[in-house]
Amino acid sequence: MILPVIMAGGSGSRLWPLSRQMFPKQFLTLSGDSSMLQSTAMRLQGIEHAPAMVICNEEHRFSVAEQFRANNIPNSGIILEPVGRNTAPAIALAAFTAVKNNDDPLLLVLAADHLIKNEPAFRQSVKAATEFALAGKLVTFGIVPTAPETGYGYIKHGEAYANGAGYCVAEFVEKPNKATAQAYLDSKNYYWNSGMFLFKASRYLDELKTHSPEIYAACEKAIANTAQDFDFLRVDKAAFEACPDNSIDYAVMEPLCSSQGSDKVVVVPMDCGWSDVGSWSALWEVQDKDSNGNAFQGDVISIDTSNSYVHASHKLVATIGLEDVIIVETKDAILVSKQTEVQQVKKIVEQLKANQRSEWQHHREVYRPWGKYDSIDYGKRFQVKHITVNPGAKLSVQMHHHRAEHWIVVSGTARVTNGDQEILLTENQSTYIPIGTVHSLENPGKIPLELIEVQSGSYLGEDDIVRLEDRYGRKDEQV
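Residue numbers for the sequence shown follow the numbering used here, beginning at 1 and rising by one.
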């Protein structure tokens, strides 16, 4: 049986302002009607597999769970990384978990933030790789290159197997310069390194123990002491923090192929319209375009504009006389860049962080396990939020040291605990919560609860929340 392992970590800063630290690109809907994470899980339809196992950062756990729930996608568990330690340890956690469950499945390792346009071709390559993986090979998928890309690593293939479905791996090579990339393309002996793999859980652990014993030992210790937290599996934090930070390529694959290549590693070609969507220009390249070479999303009007990408999230965006530009509009930020300069977006994010601005980390609209809130206005001593509480959901029982709150229900029904009182509020009704008063908010109804919250006080930060009870395991968290 194939057990998909979807790696959903990462911050995706190269797609700012749409991608933020707390809502990175794997959660975005960049093509079609589903997010990149949802699309990764759904493209497995047609392959016999167990529900996917997901590995993500602790701070993204509720976004992962909600995206699976929203599309009725089952999962085999969500493993939380207390800190990021790259792909080799992440895959080791999945492998140890699978073996710990008295099973030795084929792990199909996938990134949650890749775009694949030809899904039947993807599934065909996975099926072709299964025979090799069952025989104990470590399979990597090589993307058939279409251009001399300098942003990808490459895999050189060696001798073909008799069935014609794969090749021995001659070597893994680093990101090349333009001339070298062109030589790779011309030789037809190289593939782009996709970062997708298929192998038995036990085989991966065997090779990890041989070539990266420190990672093996740290992950073995981390998975030996786990705690189930609702839908999430928490590993031993201290053990995992002590784990070296390394990719599967450096930790396992390259050492296996470092001398004369290896018959333990197989590359299976994949020609599926793949992109890792590593920049706005990369997204423009894979999008459908109009007769002027433009790719537009949202409400866009253009005059004499060509070879450009415009993403309008909430407002009308109008362009005149532009060529080779990227424009991305969100509620709280707008990016305008030359196509050739989009890699510098990371420098913008670095400046935002250095200036302690929130736009690198959060959208104006912030998702929580109970729903979401949108900070629609703020000033020196006030903030106004539009809050949506999902049916049956409840915010934590909490209090604030520095702010009072006024809640006005717009639609739905709210069950409110306000000090010693418990009251029900419906449309156009409101309540006032003084500073220091213990309170909670719940939606007991069948439709979303919409309300306006007006905060006032000397300090309005999200870390002024003292949680006394919380059904989502956040009692000791500040936000």
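Cβ atoms here follow ideal geometry from the backbone N, Cα and C, with glycine treated the same way.
Inter-residue CB distance, residue i and residue j (contact presumed, cutoff 8 Å)
i: Ala-41; j: Ile-73; result: 5 Å
i: Thr-330; j: Ser-313; result: 5 Å
i: Pro-82; j: Glu-241; result: 7 Å
i: Ile-79; j: Thr-97; result: 7 Å
i: Ala-88; j: Ile-2; result: About 21 Å; that fails the 8 Å criterion.
i: Met-7; j: Ile-55; result: 5 Å
i: Asn-189; j: His-157; result: 6 Å
i: Gly-371; j: Ala-393; result: 6 Å
i: Gln-398; j: Arg-467; result: 5 Å
i: Leu-208; j: Val-252; result: 6 Å
i: Leu-30; j: Val-277; result: 7 Å
Buried versus exposed, by CB contacts within 10 Å (16 or more), residue i
i: Tyr-204; result: buried
i: His-114; result: buried
i: Leu-108; result: buried
i: Asn-443; result: buried
i: Pro-105; result: buried
i: Glu-350; result: exposed
i: Phe-382; result: exposed
i: Ile-334; result: exposed
i: Lys-137; result: buried
i: Lys-175; result: exposed
i: Asn-102; result: exposed
i: Asn-118; result: exposed
i: Leu-424; result: exposed
i: Gly-9; result: buried
i: Lys-346; result: exposed
i: Thr-140; result: buried
i: Gly-230; result: Looking at the sequence itself, residue 230 is Phe, so the reference to Gly does not match. Result: exposed.
i: Glu-149; result: buried
i: Ala-111; result: buried
Residues that DSSP places opposite residue i in a beta bridge
i: Asp-229; result: Phe-232
i: His-386; result: Asp-374 and Ile-452
i: Cys-168; result: Val-266
i: Leu-80; result: Cys-56 and Arg-234
i: Lys-315; result: DSSP output for Lys-315 lists no bridge partner at all.
i: Gln-297; result: His-311
i: Ile-116; result: Trp-274
i: Arg-20; result: Phe-23
i: Arg-467; result: Gln-398
i: Ala-50; result: DSSP output for Ala-50 lists no bridge partner at all.
i: Gly-457; result: Arg-403
i: Ser-306; result: Glu-323
i: Asn-484; result: There is simply no residue 484 to check, as the chain begins at 1 and stops at 479 in what is shown.
i: Ala-111; result: Met-7
i: Ile-2; result: His-49 and Leu-106
i: Leu-138; result: Val-265
i: Arg-368; result: Gly-371
i: Val-328; result: His-311 and Leu-335
Any non-hydrogen atom of the ligand MG within 7 Å of residue i CB
i: Glu-149; result: The ligand MG is not part of this structure, which contains no ligands at all.
Does the segment 337-353 come within contact of the segment 318-326, defined as at least 3 CB pairs closer than 8 Å?
yes
Could you say if the segment 86-93 and the segment 212-226 meet the contact criterion of at least three C-beta pairs nearer than 8 Å?
yes
Could I get the ranges of all uninterrupted alpha helix (DSSP H) runs contained in the segment 140-202, with 4 residues as the minimum, in chain order?
178-187
Assess contact between the segment 260-269 and the segment 159-169, defined as three or more Cβ pairs (one per stretch) separated by less than 8 Å. Is contact present?
Contact between the segment 260-269 and the segment 159-169 is present, because at least three Cβ pairs lie under 8 Å.
Is it true that the segment 378-395 meets the segment 437-449, where meeting means three or more beta-carbon pairs spaced less than 8 Å apart?
yes
Taking three-plus beta-carbon pairs below 8 Å as touching, is the segment 119-126 in contact with the segment 267-277?
yes
Under 8 Å, with one C-beta from each stretch per pair, do the segment 418-436 and the segment 370-379 reach the 3-pair mark?
no
Which residue spans inside the segment 391-454 form an unbroken beta strand (DSSP E) run of at least 3?
397-399, 403-411, 414-418, 421-425, 430-433 and 439-442
Assess contact between the segment 402-417 and the segment 453-469, defined as three or more Cβ pairs (one per stretch) separated by less than 8 Å. Is contact present?
yes
In chain order, which continuous runs of the beta strand (DSSP E) of length 3 or greater are located wholly inside the segment 335-361?
Within the segment 335-361, no complete beta strand (DSSP E) run reaches 3 residues.
Under 8 Å: do the segment 342-362 and the segment 411-429 share three or more Cβ pairs, one atom per stretch?
no
Quick check: the segment 176-193 against the segment 140-147, are at least 3 beta-carbon pairs closer than 8 Å?
Touching, yes.
Is it a yes or a no for the segment 61-76 touching the segment 8-28, going by three-plus beta-carbon pairs under 8 Å?
The answer is yes - the segment 8-28 touches the segment 61-76, with three or more Cβ pairs under 8 Å.
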